[in-house]
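Some notes on the structure that comes next.
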Amino acid sequence: MKNKIGTILLICSMWGSVVWGQSYRFPFQNPQLNEEARLDNLISLLTLDEKVALFGGAGIPRLGIRGAGSSEALHGIVQGGPAWNPNQAKQITTSFPQAYGLGATWDVELIQQVADYIAYEGRYLYQSPKYQRAGLILWSPNADLGRDIRWGRTEECYGEDPVLTAALTVAFVKGLQGSHPKYWKAASLMKHFLANSHECGRVETSSDFDETLFREYYSYPFWKGIELGGANALMTAYNAYNGIPCTISPVLRKVLQKEWGFDGMIITDGGAFQQLKNTHKVFERLEDAAQACIKAGTTRFLDDYKAALKNAFYEGKVSEKELEENIKGNLRIMLRLGLLDDDDSNPYKSIGIKDTIDPWLKEETRQLVRLTARKSAVLLKNEGRLLPLDKGSVKRIAVIGNRADVVLEDWYSGAMPYKITPLAGLKEVAEREGIEIRYVKDNKRSAAEDAAAWADVVIVCLGNDPTGSQEWAKAPWGQTALASDGREDVDRTSLQLEQEDLLRSVYKKNPRTVLVLISSFPYAINWSQDNIPAILHFTQSCQELGHAVSDVIFGDYNPAGRTTQTWVKDISDLPHIMDYDIRKGRTYMYFKGKPLYAFGHGLSYTSFDYSHLQVEQKTLSASETLHVCFNVTNTGEYSGDEVVQVYVKLPGDVAAKRLKVFSRVFVEKGKTETVEIQIPATDLMLWNAAENCFKLPEGKMELMVGSASDNIKLKSKIRLQ
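In structure tokens, the structure reads:
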């Protein structure tokens, strides 16, 4: 009798009857059922038109399911404006430093906290009755690697190193999606898979390299984002990979799904579907392109696809079963977001409903952005300890430059709730301390020189325009006003800082000059490095930029940011931009010259000593973990962070060194912190092309601990076996 009752209850639950006191019209609405059963039931209820519409990100109104919507979210939510929807006014949202600046923090915990906030803001805008704006699928992070500083979208990446980028990617994914075991706060959609680090000709060119670089370098951050971060949404790149457009690459099925267990959303980039016919010229008919996309695993299109996909279906090129298998990935994301049910265990369903104060207006939001901007500051040079400025002795400051009194929005910025410019931030402190400030934008009629001669100290703020023009969104697509500038769809053809001559003129009048370089990428500022005593780097498009500048300059914050790319001295130091074989001289791992600033470089107002390196094992096998500890002592006058970096030189490896572990550690002045690290042997493996797998190389490995790739403090050797 009991067995019969159990069977009846199970059947009832599958048909939406009473379960635990709750009734459901359809089984897919029942959160107690397993994921596959819910998705299969939902798909069985859909019409062909609804299935096709799901490939465009639509909801299912007939069944009460709202579409998840999408937003760019590299350093804040973007809704409306030129890069998103030219016909929609920009929504006010919080703007952190560009992703390039987030990378410069080398701070995993902070990046996760930033992403957690961004996800909250996305939920708030989506669920608040006041806004009801789309955006629970967040197109971030950019897991592409910045192998070439000429890349126009360098501002979107975390740098040139796969381990650093992977760690920050994982942190960002975790922050966006949250820690709940069942529901996500937002869905992280990583981009752009694969090897998208050139802009000019991206819709017709191919990024070519071997399987070793695919495994060890270009795909590594994506792999870790899925394996460790739990990402289950991804955007394919415009370019081809080894001759096959990424939109239809076989690695989507072979590696992404079969090896890495990815079963979520694979979305084409904007217009990439039709580019298969128009620019890559792989197909003469869009119906054939649609067939190839479905076979490759595409679950969503980001351009006009409906007619071609329907025709492909009616022509028998794709089956309804194939359509259903692919859209299951989209529905899986919607289920994780809680859009298929109304479950009280979903902790994110009340955001924007109960908390009705706009998050960008809160003081804690301002403080988080300010902290992040501070931590992104990289002190490139500080000769004679010009910085921090002594508030008591400095009485006259000249602030000069085209970036001193602006905070510029980039292509993927929302409308900022407020903007603190460097000049405004400096004036706040100056007014409190009785310091006089004069501001001059440029050197017309020698005004900058006159101001420099008058001042005790000169602060010159220079940098790029992240829109590629001197006026928002006025540069034609694929062009920038200056050869040294870049953005989406246009790479840089110069590394020169155009206004370095302004620095020369100012320095001639006053050698106590500070350069504040506010830029989305590195410059070859050789003259500045040779002459200007203090150089600070910040990235663009952060609402708290000015406070961060003043906090660091006046010593209210001790900088500890680090470079995330190799800053070369000359453009001739770079290989051909289309050569994706980084072993021919790209990145700190393979670069043979002397850089202007090495990967991982960054100074502090204090000094640190490294000592007592202890390695637990003398030998390491493939199943073991290496345990290492060492001391970091603050021997200077300021408390502050130190970014410790652990590199290895692996036996038989052609790379000079590889970053394996890093940590941003706070050390009070006069104190010592013991840093303990663990490196699983699996993280020391190299790709073995002959056996088609990762293997631990045998022989002696050199372990190197330091504060930059070119500043190694401690060494030890371990035998790998």
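Per my numbering: the sequence shown ends with 787, consecutive numbering throughout.
Just so you know, even glycine gets a beta-carbon here, dropped at the ideal spot from N, CA and C.
Taking just the CA atoms, how far does residue j sit from residue i?
{"i": "Arg511", "j": "Ala517", "result": "11 Å"}
{"i": "Leu204", "j": "Leu725", "result": "29 Å"}
{"i": "Tyr573", "j": "Ala134", "result": "54 Å"}
{"i": "Cys266", "j": "Ile463", "result": "42 Å"}
{"i": "Asp214", "j": "Glu226", "result": "8 Å"}
{"i": "Leu780", "j": "Ser773", "result": "10 Å"}
{"i": "Thr632", "j": "Ala253", "result": "32 Å"}
{"i": "Arg351", "j": "Asn377", "result": "11 Å"}
{"i": "Gln145", "j": "Ser137", "result": "6 Å"}
{"i": "Cys223", "j": "Leu752", "result": "24 Å"}
{"i": "Ile743", "j": "His693", "result": "6 Å"}
{"i": "Asp636", "j": "Asp276", "result": "28 Å"}
{"i": "Arg199", "j": "Ile393", "result": "23 Å"}
{"i": "Asn448", "j": "Ala306", "result": "44 Å"}
{"i": "Tyr505", "j": "Val465", "result": "5 Å"}
{"i": "Trp81", "j": "Leu191", "result": "Confidence at Trp81 is low in this model, with a pLDDT of 47, below 50, so its placement is unreliable and no value can be given for it."}
{"i": "Tyr478", "j": "Val239", "result": "18 Å"}
{"i": "Gly336", "j": "Leu368", "result": "5 Å"}
{"i": "Pro228", "j": "Val714", "result": "14 Å"}
{"i": "Ile158", "j": "Leu403", "result": "23 Å"}
{"i": "Glu566", "j": "Thr271", "result": "34 Å"}
{"i": "Ala490", "j": "Asn758", "result": "57 Å"}
{"i": "Gln88", "j": "Phe94", "result": "13 Å"}
{"i": "Gly295", "j": "Pro152", "result": "33 Å"}
{"i": "Gln323", "j": "Arg281", "result": "15 Å"}
{"i": "Lys783", "j": "Asp551", "result": "44 Å"}
{"i": "Ser585", "j": "Gly309", "result": "34 Å"}
{"i": "Val84", "j": "Thr364", "result": "The pLDDT assigned to Val84 is 48, lower than 50, so where the model puts this residue is not dependable, and the model offers no usable value."}
{"i": "Pro625", "j": "Met301", "result": "35 Å"}
{"i": "Asn96", "j": "Gly291", "result": "30 Å"}
{"i": "Leu401", "j": "Ala103", "result": "12 Å"}
{"i": "Glu388", "j": "Phe379", "result": "10 Å"}
Please report the Cβ distance between residue i and residue j, rounded to the nearest whole angstrom; I am assuming they are in contact, meaning their Cβ atoms lie under 8 Å.
{"i": "Arg436", "j": "Asn396", "result": "38 Å between Cβ atoms; not a contact."}
{"i": "Arg469", "j": "Glu610", "result": "That belief does not hold up - the Cβ atoms of Arg469 and Glu610 are roughly 15 Å apart, past 8 Å."}
{"i": "Phe162", "j": "Gly188", "result": "Wrong, their Cβ atoms sit about 14 Å apart, outside the cutoff."}
{"i": "His613", "j": "Val444", "result": "With 8 Å as the limit, His613 and Val444 do not qualify as a contact, their Cβ atoms being about 17 Å apart."}
{"i": "Lys251", "j": "Leu260", "result": "That belief does not hold up - the Cβ atoms of Lys251 and Leu260 are roughly 27 Å apart, past 8 Å."}
{"i": "Lys737", "j": "Met655", "result": "Not confirmed; about 34 Å, so no contact."}
{"i": "Ile131", "j": "Gly125", "result": "5 Å"}
{"i": "Leu750", "j": "Leu762", "result": "6 Å"}
{"i": "Ala299", "j": "Ile399", "result": "6 Å"}
{"i": "Thr605", "j": "Gln164", "result": "4 Å"}
Looking at the C-beta of residue i, does it have a partner C-beta in chain D at a distance below 8 Å?
{"i": "Ser385", "result": "Chain labels in this structure do not include chain D; a single protein chain is all it has."}
Tell me the DSSP bridge mates of residue i?
{"i": "Ala626", "result": "The partner list for Ala626 (beta bridge, DSSP) is empty, contrary to what the question assumes."}
{"i": "Met256", "result": "Leu300"}
{"i": "Asp647", "result": "Answer is none; Asp647 lacks a bridge partner."}
{"i": "Cys695", "result": "Gln680 and Glu742"}
{"i": "His603", "result": "Val444 and Leu583"}
{"i": "Ile203", "result": "Ser136 and Ala253"}
{"i": "Leu769", "result": "Val714 and Ser782"}
{"i": "Leu548", "result": "Answer is none; Leu548 lacks a bridge partner."}
{"i": "Pro311", "result": "Ala306"}
{"i": "Gly529", "result": "Ile584"}
{"i": "Cys759", "result": "Asn754"}
With residue i as the anchor, note down where its beta strand (DSSP E) starts and where it stops.
{"i": "Ser571", "result": "Careful: Ser571 lies outside any beta strand (DSSP E), inside the alpha helix (DSSP H) at Glu566 to Lys575."}
{"i": "Leu397", "result": "Taken as a continuous stretch (DSSP letters only), Leu397 belongs to no beta strand (DSSP E), being part of the alpha helix (DSSP H) at Glu386 to Arg402."}
{"i": "Lys726", "result": "Arg724 to Val733"}
{"i": "Tyr505", "result": "Glu502 to Val506"}
{"i": "Cys359", "result": "Where Cys359 is concerned, there is no enclosing beta strand (DSSP E), although the alpha helix (DSSP H) it sits in stretches over Leu352 to Ala362."}
{"i": "Ile333", "result": "Met331 to Ile333"}
Would you kindly report the start and end of the unbroken alpha helix (DSSP H) that includes residue i?
{"i": "Asp379", "result": "Reading off the sequence, residue 379 comes out as Phe, not Asp. Here the alpha helix (DSSP H) through Phe379 covers Lys372 to Tyr380."}
{"i": "Thr579", "result": "Here Thr579 belongs to no alpha helix (DSSP H); instead the beta strand (DSSP E) covers Thr579 to Ile584."}
{"i": "Met751", "result": "Looking at the DSSP string, Met751 is not in any alpha helix (DSSP H), and its letter there is neither H nor E."}
{"i": "Glu270", "result": "No alpha helix (DSSP H) holds Glu270; DSSP gives it neither H nor E."}
{"i": "Ala464", "result": "From DSSP, Ala464 is part of no alpha helix (DSSP H) but of the beta strand (DSSP E) over Arg462 to Ile466."}
{"i": "Glu175", "result": "Val174 to Gln193"}
{"i": "Gly668", "result": "Here Gly668 belongs to no alpha helix (DSSP H), and DSSP marks it neither H nor E."}
{"i": "Glu116", "result": "Leu114 to Leu120"}
{"i": "Asn597", "result": "Asn592 to Asn597"}
{"i": "Ile109", "result": "Glu101 to Ser110"}
{"i": "Tyr790", "result": "In the structure as shown, the chain begins at 67 and stops at 787. Residue 790 is therefore absent and cannot be evaluated."}
- Report yes or no: do three or more beta-carbon pairs, one from the stretch 422–431 and one from the stretch 579–597, lie closer than 8 Å? no
- Message: Within 8 Å, do at least three Cβ pairs link the stretch 562–582 to the stretch 621–635?
- Response: no
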